[in-house]
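All the letters of the sequence shown, read from the start, carry residue numbers 20 to 184 under this note's numbering.
For every residue, glycine included, the Cβ atom is placed at its ideal position computed from N, Cα and C.
Bear in mind the structure is a predicted one, so any value in this text is a computation, not a measurement.
Data block below; observations after.
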Amino acid sequence: MLRYLPPFIRRRLRILNVAGWAFHVCCFWILFSRLRQLSAQLEYYGEGMGDIYWAIGAVMASALVFTAVFVYEIALRKQAAIRPLAQRQFVYSLHEEGFVSEEAGRARNLYFWPAVERAERTESFILVFIDQAAAFPIPLRAFANDGHAAEFWQQLMVYRSAYAQ
Numbered sequence: 020m021l022r023y024l025p026p027f028i029r030r031r032l033r034i035l036n037v038a039g040w041a042f043h044v045c046c047f048w049i050l051f052s053r054l055r056q057l058s059a060q061l062e063y064y065g066e067g068m069g070d071i072y073w074a075i076g077a078v079m080a081s082a083l084v085f086t087a088v089f090v091y092e093i094a095l096r097k098q099a100a101i102r103p104l105a106q107r108q109f110v111y112s113l114h115e116e117g118f119v120s121e122e123a124g125r126a127r128n129l130y131f132w133p134a135v136e137r138a139e140r141t142e143s144f145i146l147v148f149i150d151q152a153a154a155f156p157i158p159l160r161a162f163a164n165d166g167h168a169a170e171f172w173q174q175l176m177v178y179r180s181a182y183a184q
């Protein structure tokens with residue numbers, strides 16, 4: 020799912036995850052190093068509450084950082100989902116390698132012809148189905164005229180039949 024997020028949000032999520040894991044490692048190092056010293060202090064001095072407090076603090080800090088990372092990640096994902104579909108522009112093209120779906124300036128996906136399960140043409144759409152996982156509805160009004168739509172459909176059928184499984 021990360022591949023659909025904008026690059027700056029992916030970068031923030033990676034930095035956030037790395038920083039969160041580094042903090043967790045430090046907290047657990049504090050926890051285990053203090054617990055290891057605790058038994059020796061209890062044997063020799065009869066106290067060790069300072070180390071217990073350090074260990075408890077490390078566990079609590081780790082839990083708080085984990086919660087903060089989780090909440091911030093949700094906020095970043097919501098920020099990425101703000102762009103409404105009506106403001107996005109998609110370009111579909113046919114190549115010898117496969118069917119290409121491209122969002123202007125954001126993502127480019129190539130679906131090889133064996134992955135194209137079927138294609139249908141209705142009164143107002145050309146539907147391209149990919150491995151039962153996705154369908155691309157291409158409105159006929161997106162073409163300059165009916166001739167371009169017919170040419171696209173013919174080329175789609177030629178490639179589809181040539182690479183049919």
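>> Here's the rule I'm using: 16 or more other beta-carbon atoms within 10 Å means buried, otherwise exposed. How should Ser-143 be labelled?
In response: Translated into positions along the sequence shown, residue 143 becomes position 124. Exposed.
> How close, in whole Å, do the beta carbons of Leu-146 and Ala-138 come, if the pair is a contact with beta carbons under 8 Å?
Replying inline: Locating residue 146 in the sequence shown gives position 127, where the first residue counts as 1. Locating residue 138 in the sequence shown gives position 119, where the first residue counts as 1. Between Ala-138 and Leu-146 the Cβ distance is about 7 Å, and since that is below 8 Å, they are a contact.
> Going by alpha carbons, who is nearest to Phe-27 out of Ala-82, Leu-95, Pro-156?
Replying inline: Counted from its first residue, the sequence shown places residue 27 at position 8. Nearest of Ala-82, Leu-95, Pro-156 to Phe-27, Cα basis: Leu-95.
> What residues match up with Pro-26 in a beta bridge as DSSP calls it?
Replying inline: Position 7 of the sequence shown, counted from the first residue, corresponds to residue 26. Answer by DSSP bridge pairing: none, since Pro-26 is not bridged.
> With burial defined as no fewer than 16 other Cβ atoms inside 10 Å of the residue's Cβ, what is the status of Ser-180: buried or exposed?
Replying inline: As a position in the sequence shown, residue 180 is number 161, starting the count at 1. The residue in question, Ser-180, is exposed, as its Cβ has fewer than 16 Cβ neighbours within 10 Å.
>> Quick check: the Cα distance between Val-44 and Ile-34, rounded to an integer number of angstroms?
In response: Your numbering for residue 44 matches position 25 in the sequence shown. Your numbering for residue 34 matches position 15 in the sequence shown. C-alpha separation (whole angstroms): 15 Å.
>> Contact defined as beta carbons within less than 8 Å: I believe Phe-109 pairs with Ser-120. What is the distance between those atoms, to the nearest angstrom?
In response: Position 90 of the sequence shown, counting from 1, holds the residue named residue 109. Position 101 of the sequence shown, counting from 1, holds the residue named residue 120. Right, the Cβ-Cβ distance comes to about 7 Å (below 8 Å), so this counts as a contact.
>> I believe Leu-13 touches Tyr-178 by the beta-carbon criterion, under 8 Å. Please report the beta-carbon distance rounded to the nearest angstrom.
In response: As displayed, the chain neither begins before 20 nor continues past 184, which places residue 13 out of reach and without an answer.
>> Nearest by alpha-carbon distance to Phe-51: which of Met-79, Ala-74, Phe-42 is it?
In response: Within the sequence shown, the letter at position 32 stands for residue 51. When only C-alpha atoms are compared, the closest one is Ala-74.
> Is the distance from the Cβ of Ile-49 to the Cβ of Ala-77 below 7 Å?
Replying inline: Counting from 1 along the sequence shown, the entry for residue 49 is found at position 30. Counting from 1 along the sequence shown, the entry for residue 77 is found at position 58. Yes; because the gap between Cβ atoms is below 7 Å, this pair is in contact.
> Using the C-alpha atoms, what's the distance from Phe-42 back to Ser-81?
Replying inline: Within the sequence shown, the letter at position 62 stands for residue 81. Within the sequence shown, the letter at position 23 stands for residue 42. If I take the Cα positions, the gap works out to 7 Å.
> Sorted by chain position, which residues of the same chain lie with C-beta nearer than 8 Å to Phe-47's C-beta, five sequence neighbours on each side aside?
Replying inline: For the purposes of this step, residue 47 is taken as residue 28 along the sequence shown, with counting starting at 1. Cβ neighbours of Phe-47 beyond the five flanking positions: Ala-77, Ser-81.
>> On the DSSP letters alone, give me the boundaries of the beta strand (DSSP E) that Phe-162 sits inside.
In response: Looking up residue 162 in the sequence shown gives position 143. It is not in any beta strand (DSSP E) - Phe-162 carries neither H nor E in the DSSP assignment.
> Would DSSP call Arg-96 helix, strand or coil?
Replying inline: The sequence position of residue 96 within the sequence shown is 77, counting from 1. Looking at Arg-96 - three-state DSSP - the assignment turns out to be helix.
> What number of angstroms, rounded off, separates the C-alpha of Ala-176 from the C-alpha of Phe-85?
Replying inline: As a first step, residue 176 must be located in the sequence shown, where it is residue number 157. As a first step, residue 85 must be located in the sequence shown, where it is residue number 66. It should be pointed out that residue 176 corresponds to Met in this sequence rather than to Ala. The straight-line gap from Cα to Cα measures roughly 51 Å.
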